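Residue numbers (our numbering), protein chains in the order written: chain A, 776 to 1226; chain B, 776 to 1226; chain C, 776 to 1226.
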C-alpha cells in the first residue's frame, strides 16, 4: 500500500464514521455542508444569457439566494440577494451603469460586490468600504451564464466546455425551466442506472411502435441477463456501458451513457426518432442540472439537431421535456376516473416516467433503508466518486477534477451502435466516437442506415 | 381489592405520570406510540372493494404509507408503499399475476411482502430473500377491504362483522370519501356526547320543520334537565342512553347511540325522514372512521334502506354527507357577504354542524385546557376505556376486546323509541332491538306508526 | 449621573445581554415576550364598527385568537376564541341577549368572560364560576373598535384620540383590509426613514409628472446632502423632519412625518394631488397598524377629505391602497414577460413600492446582519424608544406614554410647507400646524396657493 492510499483510508475513517453518515451528508448542497463545499469546486449553470434583460433575475444556487443582472455595459453580475444595508432584496434593484442599485436607499454594488454609491450618506463615509455584498465570478458561453462559487473565486479555474455545446456541425438548442422538487441526486442516480431503461421505460433496442418496426433492426438480443453491463470511473466522471449480443457473433450492439461532474449527463450517440419517411435524421441529447438547494433543481436540456433533421413525436420532443412538462403532465394514456394518484396515466413517455419515479423516492430518499443489487453498480460508483471527492475536500484538497482537451472541451464517451468485438474497449477511456451514427435504423429497402 | 385490580392500578401509575400525560398520548396513531399500538389490535377499513381496479391504490393508515392492489387472481394485497430496493413508490407499480411490480427495476412483491422477481439481478441472487416489503393481512367483507396491522398479523383475530353491514332486510349503501383534517377523536368524542344534539343540532325529539309537524308525536318532554342521561361500558365498547318523560308516566322515550371499538358508531334505531306522504319508510345509519394519521381521517358511512323507503331531504341525504360534503359546503342558509369565517352559513345541516365544530377544536385540541361538566360523561367514559386499553397494551396484554355473537356479528344496542319503564334496562346489556321501529311518527289519521 | 439614569443603565444591562439580543426580541408580539408585554400597554384597533353585525368576527391580535361580537344590546365584546369547555371555536358561536353562546353545548359568556349559562349542566353547578373566558375591554370611537390587552384591563387607561380621526373640518374615510405577511416593524422602520422617499419613491418636492409641472413650485433644492435631516423623540413617540433650502435664503421648505406609539403614522400636512384644473383641493393622510402576530399585520388607513376636495389619480387613491392592493397588484408599468419576480412592474406607485421593499426584507429581517448609515437615524431612534420601553416593562414600570391634550387627542406634528427660518423649531415640540396648507402648489397664474 502506498502512502497516498494510506492517507486516503485514514481520511475516510475520519470523515465519515459510517456509510450511513456518508449517505446523510451526500445530498446536501449548502455552504455549511461537506457535500456543498465539494459542489462549489465546479462551475454551474445559472440561467440563459437571454434571460438577462433590463430587470434583475433572482436565482437560488446551492441554497444561496442570489440575483443575476446584466449591467448597462453588458457584463453580467451575480451577487447576494440581501442588501448589506437593511436586508432589502436586490432582485428589486435598479440596473445602473456601474452596478446594481438597491431600490430602498440607493446603495449600489458592482460585480465584485463592492459598494460604489451611497446617495444618502455623506461623501467619504467609512461605511462605503464596510458594505460588502457577496459575489461570484460569472462566464457566458454557449448561450448560458455560468458561475463558480468555490474557494478560488478571485482566480477561478477555467470553465470546462461541454462537448455538445461546443459542436458546430448542427443547431444546438438549449432549454431550461423544468423545475423539480426533489434532490438532484435522485436524477443523477437514475441516469447512471442503465437497468431502469429496460424496466421503467421498456426501451430495449428494437422495441418500437408497430408503425416503425419495418425500419428497425431486430437482430439485437435484449435479454438483460445476456448483456455485459459495466461502469467506469473516467477522466470526466463516470460512464455506463451495455453490450448486447446480436444474431452475429462478430457484431455487438453497444450503448454508452456518460456523466461529467457534477451534474452533466449525456446519452450515448444518436437518439433519432424513426418515422416511416425516415431518411437521415438524427439528433444528440444531454443536459446539466442547476442545483437550487437540497430539495430542488432545474434542468437545462441540450439537443444538437443536424442537417436534414426532424423533431420526432415518438420520443419526447425537446419542447415537451422542458418548460411544458410541469403543466398538464401526462404519459401516453388517458387518466382513469378511479385513479387517485398524483400522476395518473403517467406511463409511456420516458421523461414523465423518470420524473414520477424520481419524485416518488422522496425529496431526499431514506437511502439507509435501501437494499442494492448488482444492477446498481452505477449508483454505487457515483456514490464512491462523491465520497472520495468529499473526503478530499475535508482534507483541504480538491475533489475529482474534470479533464478537458486542448480546446477546454470535456469529451465524454458517447459510443452507441454496432461494433466488432475488437473495437470495444471496456475501460475508462473513450471509445471511438459514434457521432455519425451507428444504429438500428434501416431505410425503406431494409439496409442499415447507420452501420 | 383483588390482585387483578391491584395490578391494574400499578400499571396505571407506571404508564402515565399524570392525566395530562395520558391526554397527550391519547390522540396518537403511529406505531411508535402507545395509542397507536393499541389501535393496531383492531381491524380497520381500508377502501371499498370497488376502489381496487387495474391500478394501485395508495392509502395512508395509522400514519403508515401503504398501497393496496387487487392482483390478477382477484386477491387483495396491502403492502408498504416504499420499495425495499431504492425507495420508489409502489403506488406507481404494475399489477402482475404474482404480485405488485415496482416500475423502477421490476422487483415484484406478493401479498406477504415476499419478493418473487428481480429481473435485473442474476438467477439465485441472495437479495431475493433479503428483500422484504412490509405487508398486512386483508379481508374483504360487505364491499369493504379491511386490514389488521397488529402484532398477530400471521394469524389475525377474526374480523368482527358490523351489525348494519350484516343485515339482509334491506339495501345497505356504503359511501366513503369525506376526508377530515383533524384527529379522529374529535369525531368520536362528539359522537358519545348526546348533549350536543340538543344544542348544536337542536334535534330534540318532535322538533321538526313545520310542514311535517302534523305527523310528529309531540308528547315527549325535551327539557334536558328532566331527562336521564347515562353512559355504559359494554361488551362492544360503550353506549349512551337518554330517557325522556312523556305526557304519560307509563311511557318513556329512549334514545341509544353506540360505539364499537375502535371507531364504529351507530345511531339508535330508525332515523327516517318525515314527508307529508309518509307511509312506512325508514332507514338506519352508522359508520366507521378510517384513521389516516394523528390529524386526518376518512369517513365510511353506512345506511340501510328498507323496502318502501325513501331518501329524505330533511335530514342530510347519504350522498350529501360523504364525497360531496367537502366541496361547496354549506348549512341551511345563505352566506352573508360580511361573514369572514371559513364556514359561513354553516348552521342547519347536522353533518355540516358536526364538521365545523369538530374542526374548530383544532387538529389536536389542547385537552389539558378543558373544563368538563356532567354532560361530558360520554367523553369521560371513552377516555377511560382508551386509557385502560393503552395500559393493557403497555403491560403486554390485549386492549379491550369487541365481543361478537355466534355469527361473528358485533351487536350494538340501538334501542330507540317509546318503551314502558319495565322494558328499560339501564346497564351495559343491549335492550330489545328497535329495528322495526318505535317512534315518533304518526300516519295521516294521527295514529303512531311505530309504537 | 442621577439615580434614575443609573437605574436605567443597570436595567438595560440586565434586560439584554447584547444589542443582538434586543434585535431578536424587538419584533415579537406574543404575551410571553417582553416586546409583546410592552405592546399590551397601548390601545389597538380591532375592526371597524361596521364589521360587527349579526355573526361573530374572528380576529387575531398580538398572536392571540379572539372573537369580537356585538351583543343584542349593541355592546361589543372581545373574548378568547377557544371555549373554556371543550375548545370549540366561539367564532361559530351564537349571539344572545346576554353574551356569546358556544354552539357546541351552549355555554354562554358575557363581555367580561363570565359564564352566564350552561344549559346541559345542573342548576347551581360549581363549574359556572370556574369557567372563565379570557376577555379584553373594548371601546368604539370614530367608527373603529379598539381594545386594550394589558395588565390593567379592569380599569384601562383612557383611549388616546388620534388627531385626524378627531377632526370635524372634513370627511374622514377609514379603510381596512390590506393584510401583510411580515412584521409590522418592517413598515414602521420604513415610515421613520425619510431618506427612502427620495430613492425608492423619487418623491422629491417639485418632482412631478410633466403635465402638472406648471402648477408646481420648483424653487426647492432637492439634493439630499444639502438638507437638514433630524429625528426627535416627542411626547407622542417620534418625528422626522427634513428642511430644504430654496432659492431664497429666507424661506425653507419643511417636511415632517410623525409616529405615535405603538403603530400610528401620520404624513406631514397636506398631500393633495395636482391636476391641471387644480383649485383648492387637499387631503391629509395617516393610518394605524393592527398587529396580528410576529409576521402579520393589517393596515387601517385614514384620510381626511376637505370641502372642494378631489381624489387624485397621481398619488394612489385611498381605494387603491387598501383592500384592492393585494389583488392584481402593480406599479405604474406593464409586466414584461421575461420578468420572473413575484412583483414585476412594481415601480411607480408609492404604496406598492413600500409593500415590495418591506416584504423583500423577510417576514422578520435578519437585523443583526445590517450595516446602518447616517440616514438611518429614524430607525435607530425608533429602536431606542422600543428598547427603553421594553426595559421599563422588564422593571415593572410602564413603557413610554402617549401624551394627549385636554380633549384626549394625540396631537402630532404635521408641519409641512414653506417657513421662515425663525418659524422652524428643530426639537421635540410640535411646530405650528400646517393644516391649512403651505405648499408647493400654484394656481394657473403662477401664484402659490398655499404659502
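Cβ atoms here follow ideal geometry from the backbone N, Cα and C, with glycine treated the same way.
Quantities reported herein were computed from a predicted structural model and do not represent experimental measurements.
Excluding five sequence positions before and after residue 955/A, the CB atoms of its chain that fall closer than 6 Å to its own CB belong to 1072, given in chain order. Exposure of residue 1024/B is indicated by the presence of fewer than 16 other C-beta atoms within 10 angstroms of its C-beta. Residue 1119/B and residue 961/B have their alpha carbons spaced roughly 21 Å apart. Here residue 810/B carries a helix assignment [DSSP, helix/strand/coil]. Put simply, of 912/B, 1002/B, 1141/B and 844/B the residue whose alpha carbon is nearest the alpha carbon of residue 969/B is 1002/B. Contact between the region 1107 to 1125 of chain B and the region 829 to 844 of chain C is present, with at least three C-beta pairs closer than 8 Å. Between the region 1154 to 1168 of chain C and the region 1176 to 1189 of chain C, the count of C-beta pairs closer than 8 Å stays below three; the two stretches do not touch.
At a cut-off of 8 Å between beta carbons, residue 1155/A makes no contact with chain B.
Between residue 1068/A and residue 802/A, the C-beta spacing is not below 8 Å. In the displayed model, residue 1217/B falls within a strand according to three-state DSSP.
In the displayed model, residue 1149/C falls within a helix according to three-state DSSP. A direct Cα-to-Cα measurement between residue 840/A and residue 856/A gives close to 6 Å. What residue 958/A touches in chain B, judged by beta-carbon distance under 7 Å, is nothing: the nearest beta carbon there is about 11 Å away.
Linking residue 1110/B to residue 1034/C through their CA atoms gives a straight-line distance of about 40 Å. Identification of residues in the region 876 to 903 of chain C having a C-beta nearer than 9 Å to some C-beta of chain B yields 876, 877, 878, 879, 880, 881, 882, 893, 894, 895, 896, 897, 898, 900 and 902, given in sequence order. Using a 10 angstroms sphere on the CB of residue 985/C, the tally of other CB atoms stays under 16, which defines it as exposed. Here residue 847/B is exposed. Its C-beta has fewer than 16 other C-beta atoms within 10 Å. Using a CB distance cut-off of 8 Å, residue 908/A does not count as an interface residue toward chain C. Going by DSSP, residue 1131/C is part of no beta strand (DSSP E) but of the alpha helix (DSSP H) stretching over 1125 to 1135.
Distance from the Cα of residue 799/B is smallest, within the candidate group 914/B, 1142/B, 1130/B and 900/B, for 1142/B.
A Cβ of chain C is located within less than 8 Å of the beta carbon of residue 1150/B.
Assignment of beta-bridge partners to residue 816/C by DSSP yields no partner. Against chain A, the beta carbon of residue 1132/C has neighbours under 7 Å at 863, 867, 878 and 879, listed in chain order. Only exposed fits residue 1195/C, as fewer than 16 other CB atoms lie within 10 angstroms of its CB. Chain-ordered listing is empty here: chain A has no CB closer than 9 Å to the CB of residue 928/C, the nearest sitting near 36 Å. Taking C-alpha positions only, residue 888/A is separated from residue 1213/A by approximately 51 Å.
A direct Cα-to-Cα measurement between residue 1021/A and residue 992/A gives close to 10 Å. Cβ-Cβ distances below 7 Å link residue 877/B to 858, 860, 863, 865 and 868 in the same chain, with the five nearest sequence neighbours on each side left out; the list follows chain order. Scanning its chain for C-beta atoms nearer than 6 Å, with the 5 sequence neighbours on each side dropped, one finds around residue 1017/C the residues 969, 1002, 1004 and 1030, in chain order. Residue 1141/A reaches chain B at 857 and 862, counting residues in chain order whose Cβ is nearer than 9 Å.
By the rule that beta-carbons nearer than 8 Å mark a contact, residue 905/A touches chain C. Between residue 995/A and residue 1019/A, the CB-CB gap stays under 8 Å. Listed along the chain, the chain C residues whose CB falls inside 8 Å of the CB of residue 1116/B are 830, 831, 833, 866 and 867.
Here residue 954/B is bridged, per DSSP, to 1073/B. Assignment of alpha helix (DSSP H) within the region 861 to 912 of chain A, counting only whole runs of 4 or more residues, yields 902 to 905 in chain order. Residue pairing by DSSP puts residue 1066/C in a beta bridge opposite 1072/C.
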